[in-house]
Amino acid sequence: MTTPAPYATAERPEPYPRLKRASDGSVVAGVASGVSAHLNVDVLLVRVVFAVAALASGVGLFVYAGLWMLVKAGDVHPVTGAFSERFAGKLPRGVNGLIIAFAIVGPILFATLGAGLSLAALLPLIIVAVGAFLAWRAYDRGLSGTTGIISVVSGAVLVFSGVLFMVLSWQGNDSFGSAVLAVVLTLGGIGALVVPLGIRMWNQLSEQQAAKAASDERAEIASRLHDSVLQTLALIQKRADDPQEVARLARGQERELRGWLFDSEEKTSQSVFAALDTACGEVEDLFGIAIRPVTVGEDIPLAEDTKLTVMAAREAMVNAGKHAGVDSVDVYAEHLAGELSIFVRDRGAGFDSESVPEDRHGIRDSIVERMNRIGGTAKIKSTPGEGTEVTLTIAS
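The opening residue of the sequence shown carries number 5 in my numbering; numbering runs sequentially from there.
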């Protein structure tokens with residue numbers, strides 16, 4: 005039996021659509037392509053909207069940069085709709101580059117001119133923007149190769165060069181203000197380089213932990229199947245000529261598998277529901293009938309009175325297995341509002357309670373009297389030809 009590759013990552017279906025950046029074929033970072041695919045909007049229209057929004061005090065740039073940092077890259081297919089088709093062949097090949105340049109330079113230019121600064125003040129901002137762009141692109145493509153490392157180093161040099169240029173260009177008489185400005189700009193430059201890298205490292209660590217958990221779960225399932233199901237199938241193959249034994253093995257394996265799949269880890273043999281499951285399994289194996297217990301409410305520790313209640317329920321199951329002539333028995337237990345109730349029902353032969361012989365101690369002593377001794381109640385309803393229902397109730 006082959007074991008799964010350690011920490012192998014597999015694409016799981018998303019519970020709902022998630023925004024992803026395009027990992028291939030992106031112009032800058034794949035944000036516009038990801039938004040286009042997520043919203044089913046023409047990709048060229050999305051790029052134009054980002055460019056126009058960038059003129060509104062740089063809002064488009066900040067939104068794009070935020071999505072670049074926070075949204076994971078993936079396999080997406082941007083929409084090419086009527087807007088792109090209308091201008092297909094009419095726009096120059098470098099239209100995407102022009103839109104990007106307009107989106108970056110436009111807000112910086114407007115802000116600079118609006119503040120009454122010279123065009124020379126644009127230079128450090130452009131240097132910082134180019135440096136951050138180189139570093140972020142390298143983060144997307146990976147840092148394992150020489151090219152990625154060179155891009156990050158070059159980007160860092162450009163960012164800090166631009167920051168230094170801005171600090172040295174500051175014309176102020178307040179030395180304290182100049183020092184604060186230098187610290188703020190330096191921290192901003194460090195953040196522009198470190199924050200995106202930290203987010204990507206966190207995402208990679210989360211993906212590795214999820215992959216490890218999935219790999220461990222697959223190994224646990226494989227071990228369970230090997231130790232239980234496969235061994236039972238081998239026994240069934242060896243005893244194929246004994247139908248009763250095959251049925252017993254199959255029922256026992258089904259019971260074990262159901263318990264592993266659906267029972268909580270806190271459920272132990274010292275609880276009421278677990279003891280009831282055990283009793284159902286014993287009667288199943290003893291009489292070759294199917295019993296599927298259904299439990300509702302909070303499980304509670306097994307005390308003396310609840311233990312006797314489970315034993316009374318087992319006796320009701322035994323009676324059904326002996327006398328009802330059925331292939332299955334229904335068992336339902338609930339613990340609600342401080343009261344434990346167990347219902348055992350079969351759709352078999354049934355009986356007339358008035359004609360039960362005095363020497364039949366199973367119902368009277370093992371069920372009714374046992375429940376009376378512990379302060380509980382036992383109600384038995386049976387109709388010949390329709391079956392029997394036993395209801396056991398006790399305060400818990």
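In this text, a Cβ means the ideal position worked out from N, Cα and C, and glycines have one as well.
Beta carbon of R374 nearer than 7 Å to that of L306: Stepping through the sequence shown from its first residue, residue 374 is reached at position 370. Stepping through the sequence shown from its first residue, residue 306 is reached at position 302. In this structure, L306 does not lie closer than 7 Å to R374 by Cβ.
C-beta atoms of V394 and I378 nearer than 7 Å: As a working note, residue 394 is residue 390 in the sequence shown. As a working note, residue 378 is residue 374 in the sequence shown. V394 is not a Cβ neighbour of I378, given a cutoff of 7 Å.
Residue environment, E319, which counts as buried when at least 16 other CB atoms sit within 10 Å: Counting from 1 along the sequence shown, the entry for residue 319 is found at position 315. Buried, because 16 or more other Cβ atoms sit within 10 Å of the Cβ of E319.
Three-state secondary structure (DSSP) of T13: The residue given as residue 13 occupies position 9 in the sequence shown. Legend: pLDDT at T13 = 45, less than 50; position of this residue unreliable, no value from coordinates given.
For I384, the first and last residue of its enclosing beta strand (DSSP E): As a position in the sequence shown, residue 384 is number 380, starting the count at 1. Its beta strand (DSSP E) spans residues T381 to T387.
Status (buried if at least 16 other CB within 10 Å, exposed otherwise) for V300: Locating residue 300 in the sequence shown gives position 296, counting from the first residue. Using a 10 angstroms sphere on the CB of V300, the tally of other CB atoms stays under 16, which defines it as exposed.
Separation of A317 from A14, as counted between CA atoms: Taking the first residue of the sequence shown as 1, we reach residue 14 at position 10. Taking the first residue of the sequence shown as 1, we reach residue 317 at position 313. Residue confidence is low: A14 scores 48 on pLDDT, short of 50, so the model does not pin down where it sits. No coordinate-derived value is stated.
Inter-residue spacing [alpha-carbon to alpha-carbon] between T272 and G146: Numbered from 1 along the sequence shown, position 268 holds the residue referred to as residue 272. Numbered from 1 along the sequence shown, position 142 holds the residue referred to as residue 146. A caution first: T272 carries a pLDDT of 48, below 50, which makes its placement in the model too unreliable to give a value.
Coil, strand or helix - G354 by DSSP: Here residue 354 is taken as the residue at index 350 of the sequence shown, counted from 1. Look at G354 here: in three-state DSSP terms it is coil, with no helix or strand label.
Cβ neighbours of T381 in the same chain (closer than 7 Å, five flanking residues each side left out): Locating residue 381 in the sequence shown gives position 377, where the first residue counts as 1. Same-chain partners within the cutoff: M375 and T397.
Nearest residue (CA-CA) to A340, options I304, I153 and A223: Looking up residue 340 in the sequence shown gives position 336. Note on identity: in this sequence residue 340 is Leu, with Ala being the wrong assignment. Taking each of I304, I153 and A223 in turn and checking the Cα distance to L340, the smallest one comes out for I304.
Check whether A3 and H81 have beta carbons under 7 Å apart: With the chain covering only 5 through 400, there is no way to say anything about residue 3.
Inter-residue CB distance, V233 and Q208 (contact presumed, cutoff 8 Å): For the purposes of this step, residue 233 is taken as residue 229 along the sequence shown, with counting starting at 1. For the purposes of this step, residue 208 is taken as residue 204 along the sequence shown, with counting starting at 1. Not really, about 36 Å apart at Cβ, beyond 8 Å.
Range covered by the alpha helix (DSSP H) that runs through I398: To locate residue 398, count along the sequence shown from 1; it is residue 394. Where I398 is concerned, there is no enclosing alpha helix (DSSP H), although the beta strand (DSSP E) it sits in stretches over G391 to A399.
Alpha helix (DSSP H) segment containing R318, residue limits: Position 314 of the sequence shown, counting from 1, holds the residue named residue 318. In the DSSP assignment, R318 falls within the unbroken alpha helix (DSSP H) covering E308 to N323.
Where the beta strand (DSSP E) containing S332 begins and where it ends: Numbered from its first residue, the sequence shown carries residue 332 at position 328. Residues S332 to L340.
Test: A279 CB closer than 7 Å to a CB of chain B: Looking for chain B here will not work: only one protein chain is present.
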